[in-house]
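If you number the sequence shown the way my numbering does, the last residue is 529 and the count never jumps. Note that CB positions come from ideal geometry on N, CA and C, so glycine has one too. Note that the coordinates shown come from a computational prediction; the quantities given were computed from them, not determined experimentally. Here's the structure, in structure tokens; my notes come after.
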Amino acid sequence: MQNFQEFAPGTTAIVVGVQLPEDNPAIVADDLAELVALLSTLGIPVAGRIVQKRSKLSPSCMLGTGKVEELRDLARSCGARLVVVDRPLSPPQIRNLEEITGCQVTDRSGVILDIFARHARTNEAKTQVEIARLEYLLPRLSGAWTHLHRQRGGGVASRGMGEKQIEVDRRRARERIARLKAQLKNIAREKATQRKSRRNELKVALVGYTNSGKTTVMNALTHAKFQAKNALFVTLDANVRVLDPATRPKILLSDTVGFIRNLPHSLIESFKSTLEEVIDADLLLHVVDLSHPNYQAQMDATRKVLREIGADEVPVITVFNKIDSVEDKFLPRIMRGAHPRSIAISALNDEDIVRLRDHVYAVFADAFICADVEIPAEKVDVIRLMFNSCMVLASDYATEGVARFHIQGPEAAIARLKPHVVKTWHPEPRGRKNHAKIGSI
Ligand SMILES: Nc1nc2c(ncn2[C@@H]2O[C@H](COP(=O)(O)OP(=O)(O)O)[C@@H](O)[C@H]2O)c(=O)[nH]1
Ligand SMILES: [Mg+2]
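Structure follows, in structure tokens:
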């Protein structure tokens, strides 16, 4: 399939938006700005933008005839060799547009897939991206073939030959997809085992729009040094670290791939195993870039993907980030009021990070129960498990052969100490207003 890296340095692109009567013009403009940012992540500058208002999409070229000619002239005048349309294109639309403009033509999904391919580091991410690319390519194979055929200066070869070749290509692609999916299943199995070993810990997953500051928050909360960058889709793998300074039980934080509007469905599908971290979490931190003009649409897009991957049942804290860059100084307060359990921070501010850490812990602690336990002193493993999974508020070693503890922790952790639990009770609610309790831990 197309690979923009093949372009010589200095290649420029034209981006094209289509505005239908039902579209909000601000969102169309923002989508186009986002497409420009996506291309800049690939190192491709944009020489021109075209937006066409239409009453409906044309099946042949997407755009009207006059607009396509305008596009061709613009591409010629600024030497652009790539046209990117911000809507899904069908194979005939790509073919027709390429024919008329003389440029390589692709859509938003094509660009996103290219970025993912470039940023995939681990075996899992590489496998996932390859599946997504092949699935994107499959229905477009006829276009790719014609394109290849034309490039070779053909035109006389019989149509039948081309079609046979397409069948072969399609079959090969399907076989490869099946093989990659089997590999992915094995990787997923290993990861499931890893996750099981973390069942004594509380799991928090960072989610949010790409570039909202997830990795910056992750680094600040865990003192890690993952790459945070003003670019799209830098993080593709799930990174897991312990919240630092450590709590009891430990809280594990995971940072993973960000979301975007119109994320290709094949990508969501194939990234499901990476996104298991999200589905499996006890709590999500939904990081929102509040300084972005369309933060609302970005929040909606994130929620939509969460629903698609089946993570909409997991409790969420909304983290309004980048408040240092928000012009309207009342906005963070308004948003906090409008969203229960939310918090407004700048990930670049140390005090805000401490507040966020305390907020996360407090949300968990609200669901903790208290217990008195008595454990025979020789049961070292049980005592270790207790220290790892609960907060020990008092201990008493006065009686020989038995250790007594007053502890607080998640119900599930205390249930694991069952034969040694003398009594349990729910502590007094602390009357915190801003976040509800989490029932599921
Ligand atoms: N001004 C400001 N910039 C931030 C803040 N948090 C993150 N950033 C910047 O936003 C960009 C994207 O951050 P990153 O953590 O990589 O976003 P991710 O794609 O969600 O992981 C980087 O340039 C960060 O330095 C913040 O609170 N304030
Ligand atoms: Mg990141």
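Contact set for residue i: own chain, Cβ-Cβ below 8 Å, skip 5 residues either direction
i, result
"E516", "none"
Residue i at chain D interface by Cβ criterion, 8 Å
i, result
"L324", "Looking for chain D here will not work: only one protein chain is present."
Supposed contact pair residue j and residue i - C-beta distance, whole angstroms, cut 8 Å
i, j, result
"R445", "L290", "Actually they do not touch by this definition, with Cβ atoms about 13 Å apart."
"G346", "T323", "7 Å"
"V134", "V103", "5 Å"
"E365", "A293", "5 Å"
"S146", "P176", "About 14 Å separates the two Cβ atoms, so there is no contact after all."
Secondary structure of residue i, DSSP reduced to three states
i, result
"Q315", "coil"
"V116", "helix"
"T406", "strand"
"P464", "strand"
"N327", "strand"
"V353", "Val is not the amino acid found at residue 353; the sequence shown has His there. DSSP places H353 in helix when its eight states are reduced to three."
"V322", "coil"
"V376", "strand"
"K269", "helix"
"S165", "helix"
"K360", "coil"
"A399", "coil"
"I433", "coil"
"V292", "strand"
Bridge partner(s) assigned by DSSP for residue i
i, result
"V134", "A101"
"D195", "V173"
"G301", "Bridge partners of G301: none, in fact."
"T530", "The requested residue 530 does not occur in the structure, where the chain is confined to residues 89 to 529."
"V480", "I495"
"F347", "Y297"
Proximity test, residue i beta-carbon vs ligand 3 heavy atom, cut-off 7 Å
i, result
"K410", "Within the structure as shown, ligand 3 is missing, the only ligands being ligand 1 and ligand 2."
7 Å CB neighbourhood of residue i in its chain, flanking five on each side removed
i, result
"V116", "G105, Q107 and V139"
"Q239", "Note that Q239 scores 40 on pLDDT, short of 50, meaning its location in the model is unreliable and no value can be drawn from it."
"A208", "K214, V217 and L324"
"E499", "I457"
"V468", "none"
"P227", "P179"
"T298", "L320, F321, G346, F347 and I348"
Other residues of its chain near residue i: CB distance less than 6 Å, five sequence neighbours each side excluded
i, result
"L126", "V199 and L320"
"H427", "T406"
"D484", "R492"
"E212", "I275"
"K83", "Residue numbering for the chain in the displayed model covers 89 to 529; residue 83 lies beyond these limits and cannot be assessed."
"K511", "D460"
"D195", "V173, P176 and L177"
"L37", "Here the chain has residues from 89 to 529 only, and residue 37 is not among them."
"V193", "V171, I182, L185 and E186"
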